[in-house]
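**Student:**
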Amino acid sequence: MERAQIPAIGAQPMLPFIFFFFFFFFVIGSLSGSCLGQHTEDESNSSAMEVTAPMDSRQREALYSAIQGFVGKWWNGSDLYPDPCGWTPIEGVSCEVYDGLWYVSRLSVGPIYENSLRCTRNPTFTSHLFDLRRLTALSFYKCFSSSPHGAVTISDLPWERLSRNLESLEFRLNQGLTGAIPASLSHLRQLRSLIVLENGFAGELPAEIGNLKSLKRLVLSGNRFTGRIPSGFGGLTNLLIVDFSRNGLSGSIPLTFGGLTSLLKLDLSGNNLQGFLPDEIGNLKNLTLMDLGRNNLSGGLRSPIQEMGSLRVLMLSNNPKFGGDLTGVNWSNLRSLEVLDLTNTGLTGPIPESISDLNGLRHLGLGCNSLSGTPPAKLSSMPRLSSLYLNRNNLSGKLMFPKSFYRRTRWRFRAEDNPGLCHEAEVAIPFGVKQCLLEFSGRTEVVGKMRSEEEDFYRKPQLEVSTGYRNFDVGLVAREVLVVVATVLIIC
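Residue numbers (mature numbering (1 follows the signal peptide of the UniProt record, and there is no 0)): -37 to -1, 1 to 455.
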C-alpha cells in the first residue's frame, strides 16, 4: 500500500505570491530601465548638441577683432583659437548657446588669470566689441596703463548697443582711462553691477546713472571725480553696496540716501564732503558698514544714528570739524557694533559708561580729540575689546583697568598725551602714562588729577608700608650715604 504524500504546510498558497513577486519586479525593472535609457539618451543628445553647436560666424569674427584691439595686431585668433567656444577656449571668454548657436556671454580683458591675454601698450576699443550683443559681463583689469600716445576715453563709445543683456561692467586699475563717465551708460538698463575702481576717470558723476534701477552694486572708488553726489542716486532702491571713496567729491550727503533701505555698505570716505549727517540716514536699518572718514563733516553724532541696529562698522575718523560729544547717542541700541572709530573728530565731554554695553566691540578709537573726565573702568570689562585708543585728549584721573586688560590689548592700548591721566599698574605699564604716586625728595607727589584730602589721607598709610623700589628717592639715599662717609673720615 502506497504511503500518501502530505504536501508541506503552506507550499501551495506561497506559489502564487512568489510568481506575482517576480512578475512585479520584472515589469518595474523593465519600465525604469526604459525610462532611464530614454533620459540618458536625451541628456546625451542635449550635451552633444551643446558640444557640437556651431558658433555664429559674425560673433567669432567680432570676438577676434575686439580682442585684437586690446592685445595687438600680432594676435591671430582664427589660427590660435579656431573654436573659441568649444575645444580651443580663450582664457577670459565664456559662451552660452542661444537658438542652437554659441554666443559670447562674458569677456574679461587683462591679466585677471594666469593665462589671460596681456594688453598691448596702446589698447583701443574697436566697434566690434559692441557687436557682442549677448554679453552679460564685461571687465577690464590693468589693461589701460598710461599710454605714450595719449589717454583713452570711453565717452564716445556706443554703449547702448549692449543694453539688451549686459548686467555687469567693470573697470579696475586702468590709469590710462581718463575723461568723464559717459551719460550713455544709462542705456544699460539691465546693469546690476557697475564697478569703476582706481582708474583715471575724472569730472562730475552723471546724474543719468540714477536711471539704472536694477543696480545692486555701485563702486566708483579711487578715481578723480569731483562735484556733488547726484540726489537721484537715492532712487536706486535695489542698491546693496555704494562706494564712492577716495575721490574729490564735495557738497553734502544727499537726503535721498535715506531711501536706500536695502543698503548693506556705504563708503564715502576720502572726499571733501561737508555738512551734517542727515537724519534720514537712520532709515538704513540694514546697513552693516558706514565709512565717512577723511571728510569735512560737522554737526556731531546725531540721535538717528542709534536706529541703525545692524551696524557693525562705524568709521567717522579724521573729520576734525565734526565736533559734538558721545552722550547724545543711546549706545545700547547698537549692540551689533564691532568697530567704532571716531579718531580726530573734535569730540568733547566725557566718555559715557554706556559705551561699555557694546559687548561685541573689538576696536574703539577715540584718540586725537578733546575728551575730558576719567575713562570708565567698565571699558576694560568689554569681552571682545582688543584695541582701545584714548591718546591725545584731555583725560584725567586714574586708569582703573586691571592688569589682565593691559596684557590683552598690549600695544593696541594707547593713552599717552593726556597730561592729567595716571595709572597704578605694576605690570604691563601703559605706554606714555605716568604712575599716579611717586616718592620724590621726601614728599608725595600726585601725577595726574589732584586727589581730594580724603583720598590722600587713605593713600598715606599705603605709601608708608610700600617696599617697592620705585618708591625710594635715589638722590636722598645718596646724600645720606655721603654724610655717613664724611663723619667716619672726620672721626678717623
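Idealized CB from N, CA, C, for every residue including glycine.
#1: Can you give the beta carbon distance from LEU157 to LEU132, rounded, assuming they're within the 8 Å contact cut?
#2: Return the chain-ordered list of same chain residues with a C-beta closer than 7 Å to the C-beta of GLN269, the five sequence neighbours on each side being excluded.
#3: Output the distance between the C-alpha atoms of PHE103 and VAL72, rounded to the nearest integer angstrom.
#4: Is DSSP giving VAL302 helix, strand or coil here?
#5: In chain order, which continuous runs of the alpha helix (DSSP H) of length 4 or greater are located wholly inside the region 340 to 390?
#6: Taking just the CA atoms, how far does ARG124 sit from ILE314?
#7: Pick helix, strand or coil for residue 456, following the three-state DSSP scheme.
#8: Can you give me the C-alpha to C-alpha distance between ASN201 and CYS82, rounded to a whole angstrom?
#9: Does any heavy atom of the ligand MG sit closer than 6 Å to the C-beta of LEU297?
#10: According to DSSP, simplified to helix, strand and coil, what is GLU243?
#11: Taking only runs that begin and end inside the region 138 to 186, name each unbroken beta strand (DSSP E) of 3 or more residues, in chain order.
#12: Out of LYS248, LYS284, ARG155, which has the shortest C-alpha to C-alpha gap to PHE239?
#13: So, for GLY197: in the same chain, excluding its five sequence neighbours on each side, which residues have a beta-carbon less than 6 Å away from its beta-carbon?
#14: For the region 114 to 122 against the region 60 to 76, are there 3 or more C-beta pairs whose distance is under 8 Å?
#15: Please say whether ARG325 and SER349 have beta carbons closer to each other than 7 Å?
#16: Measure how close the beta-carbons of ASN174 and SER149 come, nearest whole angstrom, since I'm counting them as under 8 Å.
#17: To the nearest angstrom, report how far apart VAL396 and GLU389 are at their CA atoms.
#18: Please list, in chain order, all residues of the same chain as THR224 whose beta carbon is under 8 Å from its beta carbon, the five residues on each side excluded.
#19: Could you please give me the residues that DSSP links to ASP320 through a beta bridge?
#20: DSSP on SER230, reduced to helix/strand/coil?
#21: To the nearest whole angstrom, what separates the beta carbons of SER273 and GLY256, a pair I think is in contact under 8 Å?
#22: Restricting to Cα atoms, I'd like to know which of ILE204, SER208, GLY166 is closest to GLY190.
#23: Can you check DSSP and say which residues form a bridge with ILE204?
#24: One question on the structure: do SER343 and PHE364 come within less than 7 Å of each other, judged by their Cβ atoms?
#25: For SER90, which three-state DSSP category applies?
#26: For LEU43, report the span of its alpha helix (DSSP H) as first-last.
#27: Starting from LEU236 and walking both ways along the beta strand (DSSP E), at which residues does that stretch end?
#28: Would you mind reading off the limits of the beta strand (DSSP E) that contains SER333?
#29: Under DSSP, the beta strand (DSSP E) around ARG135 begins and ends at which residues?
#30: Here's the rule: buried if 16 or more other CB atoms are within 10 angstroms of the residue's CB, otherwise exposed. What is LEU212?
#31: Per DSSP, MET278 forms a beta bridge with which residues?
#32: What number of angstroms, rounded off, separates the C-alpha of ARG155 from the C-alpha of SER208?
#33: Which of the three DSSP states is assigned to ALA25 in this structure?
#34: Is the beta carbon of MET278 less than 7 Å from the beta carbon of ASP254?
#35: Thinking just about the alpha-carbon of each residue, which of PHE93, SER317, MET345 is nearest to the one in GLY32?
**Tutor:** Concretely, from the data shown:
#1: Working through the sequence shown from its first residue, we reach residue 157 at position 194. Working through the sequence shown from its first residue, we reach residue 132 at position 169. Cβ atoms of LEU157 and LEU132 come within 8 Å of each other, at about 6 Å.
#2: Taking the first residue of the sequence shown as 1, we reach residue 269 at position 306. Contacts found: VAL292, ASN293, ASN296, LEU297.
#3: Indexing the sequence shown from 1 puts residue 103 at position 140. Indexing the sequence shown from 1 puts residue 72 at position 109. Near 5 Å, if we compare the C-alpha coordinates of VAL72 and PHE103.
#4: As a first step, residue 302 must be located in the sequence shown, where it is residue number 339. Three-state result, VAL302: strand.
#5: 366 to 372
#6: To locate residue 314, count along the sequence shown from 1; it is residue 351. To locate residue 124, count along the sequence shown from 1; it is residue 161. Approximately 58 Å between the Cα atoms of the pair.
#7: Here the chain covers residues -37 to 455 and nothing more, so residue 456 does not appear.
#8: Here residue 201 is taken as the residue at index 238 of the sequence shown, counted from 1. Here residue 82 is taken as the residue at index 119 of the sequence shown, counted from 1. Going from the Cα of ASN201 to the Cα of CYS82 covers about 35 Å.
#9: Although the ligand MG was asked about, the structure shown includes no ligands whatsoever.
#10: The sequence position of residue 243 within the sequence shown is 280, counting from 1. Residue state, collapsed to three classes: helix.
#11: 156 to 160, 163 to 167, 180 to 182
#12: Mapped onto the sequence shown, residue 239 falls at position 276. Put simply, of LYS248, LYS284, ARG155 the residue whose alpha carbon is nearest the alpha carbon of PHE239 is LYS284.
#13: Translated into the one-based positions of the sequence shown, residue 197 becomes position 234. Cβ within range, chain order: PRO217, THR219, PHE220, GLY222.
#14: In this structure the region 114 to 122 does not lie against the region 60 to 76, because fewer than three pairs of beta carbons, one per stretch, are closer than 8 Å.
#15: Sequence index remark: in the sequence shown, residue 349 carries index 386 (1-based). Sequence index remark: in the sequence shown, residue 325 carries index 362 (1-based). Yes; because the gap between Cβ atoms is below 7 Å, this pair is in contact.
#16: Position 211 of the sequence shown, counting from 1, holds the residue named residue 174. Position 186 of the sequence shown, counting from 1, holds the residue named residue 149. Right, the Cβ-Cβ distance comes to about 5 Å (below 8 Å), so this counts as a contact.
#17: Residue mapping note: residue 396 aligns to position 433 of the sequence shown, counting from 1. Residue mapping note: residue 389 aligns to position 426 of the sequence shown, counting from 1. Whole-angstrom Cα-Cα distance: 13 Å.
#18: Taking the first residue of the sequence shown as position 1, residue 224 is located at position 261. Closer than 8 Å at Cβ, skipping near neighbours: THR200, ASN246, LEU247, LYS248, ASN249.
#19: Your numbering for residue 320 matches position 357 in the sequence shown. Paired residues: none, contrary to the question.
#20: In the sequence shown, counting from the first residue as 1, residue 230 sits at position 267. The displayed chain sequence assigns Asp, not Ser, to residue 230. It is a strand residue.
#21: For the purposes of this step, residue 273 is taken as residue 310 along the sequence shown, with counting starting at 1. For the purposes of this step, residue 256 is taken as residue 293 along the sequence shown, with counting starting at 1. That pair is no contact at about 20 Å.
#22: For the purposes of this step, residue 190 is taken as the residue at position 227 of the sequence shown. Nearest of ILE204, SER208, GLY166 to GLY190, Cα basis: GLY166.
#23: Within the sequence shown, the letter at position 241 stands for residue 204. ILE204 pairs with ARG180, LYS228.
#24: The residue given as residue 343 occupies position 380 in the sequence shown. The residue given as residue 364 occupies position 401 in the sequence shown. In contact: SER343 and PHE364 (Cβ atoms closer than 7 Å).
#25: Mapped onto the sequence shown, residue 90 falls at position 127. Correct three-state label for SER90: helix.
#26: Translated into positions along the sequence shown, residue 43 becomes position 80. Note, LEU43: alpha helix (DSSP H), 40 to 43.
#27: Translated into positions along the sequence shown, residue 236 becomes position 273. Its beta strand (DSSP E) spans residues 235 to 238.
#28: Start at 1 with the first residue of the sequence shown, and residue 333 comes out as number 370. Taken as a continuous stretch (DSSP letters only), the beta strand (DSSP E) holding SER333 covers 333 to 336.
#29: As a first step, residue 135 must be located in the sequence shown, where it is residue number 172. Unbroken beta strand (DSSP E) run through ARG135: 131 to 135.
#30: Counted from its first residue, the sequence shown places residue 212 at position 249. Buried, by the Cβ-count rule.
#31: Counting from one through the sequence shown, the residue named residue 278 turns up at place 315. Beta-bridge pairing links MET278 to ASP254, ASP304.
#32: Position 192 of the sequence shown holds residue 155. Position 245 of the sequence shown holds residue 208. Computed Cα separation, rounded: 20 Å.
#33: Position 62 of the sequence shown, counting from 1, holds the residue named residue 25. Helix at ALA25.
#34: The count along the sequence shown starts at 1 and reaches residue 278 at position 315. The count along the sequence shown starts at 1 and reaches residue 254 at position 291. Contact: yes.
#35: For this step, residue 32 is matched to residue 69 along the sequence shown. Of the listed residues, the one whose Cα sits closest to GLY32 is PHE93.
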